[in-house]
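Novice:
2 protein chains.
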Amino acid sequence: MRQIRTPEEMAACAAEVKRSGRTIGFVPTMGALHEGHLTLVRQARMCADFVVVSIFVNPAQFGPNEDFASYPRDIEGDLRLLNSERVDAVFFPTEREMYPEGYRTWVDVGGLSEKLEGRFRPGHFRGVCTIVLKLFCLVLPDAAFFGWKDAQQFIIIRRMATDLNLPVRIVGVPTWREPDGLAGSSRNRRLSDEHRRHALCLSRALHFIREKVSQGETDTESLLARARRIIAEEPGVVLQYLDIVDIEQLDPVARVVPGTMAAGAILVGGVRLIDNVVFPADEPTAGRKEG
Amino acid sequence: MRQIRTPEEMAACAAEVKRSGRTIGFVPTMGALHEGHLTLVRQARMCADFVVVSIFVNPAQFGPNEDFASYPRDIEGDLRLLNSERVDAVFFPTEREMYPEGYRTWVDVGGLSEKLEGRFRPGHFRGVCTIVLKLFCLVLPDAAFFGWKDAQQFIIIRRMATDLNLPVRIVGVPTWREPDGLAGSSRNRRLSDEHRRHALCLSRALHFIREKVSQGETDTESLLARARRIIAEEPGVVLQYLDIVDIEQLDPVARVVPGTMAAGAILVGGVRLIDNVVFPADEPTAGRKEG
Chain A
264 MRQIRTPEEM
274 AACAAEVKRS
284 GRTIGFVPTM
294 GALHEGHLTL
304 VRQARMCADF
314 VVVSIFVNPA
324 QFGPNEDFAS
334 YPRDIEGDLR
344 LLNSERVDAV
354 FFPTEREMYP
364 EGYRTWVDVG
374 GLSEKLEGRF
384 RPGHFRGVCT
394 IVLKLFCLVL
404 PDAAFFGWKD
414 AQQFIIIRRM
424 ATDLNLPVRI
434 VGVPTWREPD
444 GLAGSSRNRR
454 LSDEHRRHAL
464 CLSRALHFIR
474 EKVSQGETDT
484 ESLLARARRI
494 IAEEPGVVLQ
504 YLDIVDIEQL
514 DPVARVVPGT
524 MAAGAILVGG
534 VRLIDNVVFP
544 ADEPTAGRKE
554 G
Chain B
264 MRQIRTPEEM
274 AACAAEVKRS
284 GRTIGFVPTM
294 GALHEGHLTL
304 VRQARMCADF
314 VVVSIFVNPA
324 QFGPNEDFAS
334 YPRDIEGDLR
344 LLNSERVDAV
354 FFPTEREMYP
364 EGYRTWVDVG
374 GLSEKLEGRF
384 RPGHFRGVCT
394 IVLKLFCLVL
404 PDAAFFGWKD
414 AQQFIIIRRM
424 ATDLNLPVRI
434 VGVPTWREPD
444 GLAGSSRNRR
454 LSDEHRRHAL
464 CLSRALHFIR
474 EKVSQGETDT
484 ESLLARARRI
494 IAEEPGVVLQ
504 YLDIVDIEQL
514 DPVARVVPGT
524 MAAGAILVGG
534 VRLIDNVVFP
544 ADEPTAGRKE
554 G
């Protein structure tokens, strides 16, 4: 496994792989890798000749009062994991190399970035889009893999790729969950046992919505009222939002139909967690039984 | 010469050329081609195996009160010219293909885009950067060629390419001028003979500055006062700005030294024209005779 520290070396490596006619699969991460990341890596391994994983805790996507400093970092553990997954190259640049002095170029997907997460994390997706585009330019992937746990991120990056005519396929991979339902997240490492137990209320509320939808309920307002109650009743948990929106425009919808999702964010023990459940357009839901 | 109308066909053509190991030189234009454009094409021809020219009057870089509708268009004449220059492919997509419904991704080079031209054309460089990035993603150039006539555009695109780690070399080509000094511009076609004569005051004012600098003058304020008078004395001409700035930050400077430029914009007969003269860092000027 090649360990690459500088943008120049990454660009040279990518150019060399492309020249040899091989395809590149890319998994951008912020490190502190868990099973969810490894699911992405295995998907990339299946789809591409050469797999690149980047590890970069991107300061541009953290707000001034967010957890950039305390975001989990474990480069030694990450490298061990990636090596055992037969990753071809890992790219872990420094902040200074990705944002040198005088850096001033930003990419924004207007209209989608301000919704859901964007209401609580202004500027977050601008930082995400910019670093992902920069990494694409260095890694030259044929396909890039993103988890559906960060559904809004996936939707925005797919939109950016389409809009900018990026020559890369954006692949979404289903959320990996712990046996008890908790969505895989690097931030889970920061939870105490007690907080971790409380945090389960978010996946439980989403699971409740999924269950009710599978039984034929489609009324958003009613579903959300009961799901929010599940979270409200959990001690030590603050609900930031829980909404049901369409997965193209991210606007609230009145009915759960194919192409919508329920998504939410909570704060527990000083840790912010997100999760969602998607009702895909190609999966029949109760709302369109005849369809 | 391949005539390409759709983004898909352009992407396929570029991928095919890259696979064959050939380099791509790219000249993005808005058409109504003149000798200045052909200078760029010839430079590309010298540097690359496969030369692509795009023709697209980009609506996103025109303000609501600007000349998008009246901007000169001459696709038949353009194709004839490019064919005789042995261009390999010309890409001229429609507006709908470049900005399909729901388009919402924008690239911005903060801090540089608001200065000089940006004061009079808010949003202009956001439109420029976005279309250039989109075209780069479709054409996959090894090198792209821009005229120094649009100096601020060149500086901003070079900054964007550096910041975003774009795998493309941005090459600046000196301004092509008519024998009487008028800088080549598609908009010159819209000038009557009389307005064209008046328009010369801008290149004359810039030439005055260059002359005085070559004679050892470096005081910006004094140079600009006299140069602005040249334009003020010309009938039917409105000066929008004439400034001397450094070519990295585009901030006004007190002295003309290597790495600065004088740049201005005028309105004449309803046509807006720009021009500049650069004092490059690698060309000795009076201000740093010993250097």
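Protein chains in written order, with the working numbering: chain A, 264 to 554; chain B, 264 to 554. Glycine included, every Cβ here is placed at the ideal spot set by N, Cα and C. Predicted, not measured: the structure shown is a model, and the values here were computed from it.
Could you say which of 313/A, 364/A and 445/A lies nearest to residue 350/A if we only look at CA atoms?
Specialist: Closest by alpha carbon: 313/A.
Novice: Have a look at residue 457/B and residue 469/B and give me their C-alpha separation to the nearest angstrom.
Specialist: Cα-Cα distance, rounded: 20 Å.
Novice: Is the beta carbon of residue 270/A closer than 8 Å to that of residue 356/A?
Specialist: Yes, the Cβ-Cβ distance between residue 356/A and residue 270/A is below 8 Å.
Novice: Quick check: is the beta carbon of residue 553/A nearer than 8 Å to any beta carbon in chain B?
Specialist: With a pLDDT of only 38 at residue 553/A, under 50, the local geometry of the prediction cannot be trusted, and the value read off the model is given with reservation. So no, residue 553/A is outside the interface.
Novice: So for residue 471/A, helix, strand or coil by DSSP?
Specialist: Residue 471/A: helix per DSSP, three-state reduction.
Novice: What residues in the segment 414-438 of chain B have a beta carbon less than 7 Å from any beta carbon of chain A?
Specialist: The segment 414-438 of chain B vs chain A, Cβ under 7 Å: 422, 423, 426, 427, 428, 429 and 430.
Novice: Kindly list the residues whose CB is nearer than 8 Å to the CB of residue 498/B, restricted to its own chain and excluding five residues on each side of it in sequence; keep chain order.
Specialist: So the qualifying residues of the chain are 461.
Novice: For residue 539/A, which residues does DSSP report across the bridge?
Specialist: 526/A.
Novice: Between the alpha carbons of residue 507/A and residue 539/A, how many angstroms are there, rounded?
Specialist: So the two alpha carbons sit approximately 9 Å from each other.
Novice: Which of the three DSSP states, helix, strand or coil, is assigned to residue 269/A?
Specialist: DSSP places residue 269/A in coil when its eight states are reduced to three.
Novice: Quick check on this structure: which residue in 418/A, 297/A, 400/A and 300/A has the alpha carbon closest to the alpha carbon of residue 276/A?
Specialist: Checked all of 418/A, 297/A, 400/A and 300/A; the closest Cα to residue 276/A is 400/A.
Novice: Below 8 Å on the Cβ atoms is my contact criterion, and I expect residue 522/B with residue 544/B to pass it. Report the Cβ-Cβ distance as a whole number of Å.
Specialist: About 4 Å; that satisfies the 8 Å criterion.
Novice: Considering only C-alpha positions, which residue in the set 437/B, 283/B and 333/B is nearest to residue 454/B?
Specialist: For residue 454/B, the nearest C-alpha among the options comes from 333/B.
Novice: Residues of chain B with CB under 7 Å from residue 270/A, in chain order?
Specialist: By Cβ distance, chain B contributes 428.
Novice: Closer than 8 Å, Cβ to any Cβ of chain B: which residues of the segment 366-380 of chain A, in chain order?
Specialist: So the close ones are 366, 367, 368, 369, 370, 371, 372, 373, 374 and 375.
Novice: Spatial neighbours of residue 475/A within its chain, please: C-beta separation below 7 Å, excluding the five flanking residues on both sides.
Specialist: Within the same chain, residue 475/A has close Cβ partners 486.
Novice: For residue 292/B, report the span of its beta strand (DSSP E) as first-last.
Specialist: Per DSSP, residue 292/B belongs to the beta strand (DSSP E) from 287-292.
Novice: Among the residues of its own chain, which have a CB less than 8 Å from the CB of residue 517/A, if the five just before and after it don't count?
Specialist: So the list reads 482, 483 and 484, once near-sequence residues are dropped.
Novice: Does chain A have any CB closer than 8 Å to the CB of residue 274/B?
Specialist: It does; some Cβ of chain A falls within 8 Å.
Novice: Have a look at 303/A, 365/A, 293/A and 366/A and flag the residue whose alpha-carbon is nearest the alpha-carbon of residue 354/A.
Specialist: Checking every option, the nearest Cα to that of residue 354/A belongs to 293/A.
Novice: Of the residues 307/B, 512/B, 541/B and 287/B, which one's Cα is nearest the Cα of residue 525/B?
Specialist: Measuring from the Cα of residue 525/B, the nearest candidate turns out to be 541/B.
Novice: Please check if any C-beta of chain B sits within less than 8 Å of the C-beta of residue 475/A.
Specialist: Taking Cβ atoms only, chain B never reaches closer than 8 Å to residue 475/A, which makes this a no.
Novice: Note down, one range per segment and in chain order, each alpha helix (DSSP H) of at least 4 residues found wholly within the segment 316-367 of chain A.
Specialist: List check, alpha helix (DSSP H) in window: 338-347 and 358-361.
Novice: Between the Cα of residue 374/A and those of 369/B, 290/B, 383/B and 480/B, spot the shortest distance and give me the residue it belongs to.
Specialist: It is 369/B whose Cα lies nearest to the Cα of residue 374/A.
Novice: What is the rounded straight-line gap between the Cα of residue 379/B and the Cα of residue 418/B?
Specialist: Taking the straight line from one Cα to the other gives about 12 Å.
Novice: Out of curiosity, what's the CA-to-CA distance linking residue 323/B and residue 429/B?
Specialist: For residue 323/B and residue 429/B, the distance between alpha carbons rounds to 21 Å.
Novice: Helix, strand or coil, according to DSSP, for residue 299/A in the structure here?
Specialist: Note: residue 299/A maps to helix in three-state DSSP.
Novice: Name the chain B residues whose beta carbon is nearer than 7 Å to that of residue 400/A?
Specialist: Residues of chain B passing the Cβ test: 427, 428, 429 and 430.
Novice: Determine the DSSP secondary structure at residue 381/A, reduced to helix, strand or coil.
Specialist: In this structure, residue 381/A counts as helix in the three-state DSSP scheme.
Novice: Distance, Cα to Cα, residue 547/A vs residue 434/A?
Specialist: Note that residue 547/A has pLDDT 48, beneath the 50 cutoff, so the model's placement of it is unreliable and no number is given.
Novice: When the Cα atoms are used, what is the spatial distance from residue 348/B to residue 321/B?
Specialist: Roughly 24 Å separates the two Cα atoms.
Novice: Pair every Cβ in the segment 409-427 of chain A with every Cβ in the segment 272-288 of chain A, then say whether three or more of these pairs are closer than 8 Å.
Specialist: Touching, no.
Novice: Just to confirm before moving on: does the CB-CB distance between residue 295/A and residue 335/A stay below 8 Å?
Specialist: The answer is yes: Cβ separation under 8 Å.
Novice: At 8 Å on the CB atoms, spell out the chain B contacts of residue 396/A, in chain order.
Specialist: By Cβ distance, chain B contributes 427.
Novice: What does DSSP give as the partner residue(s) for residue 532/B in the beta ladder?
Specialist: Paired residues: none, contrary to the question.
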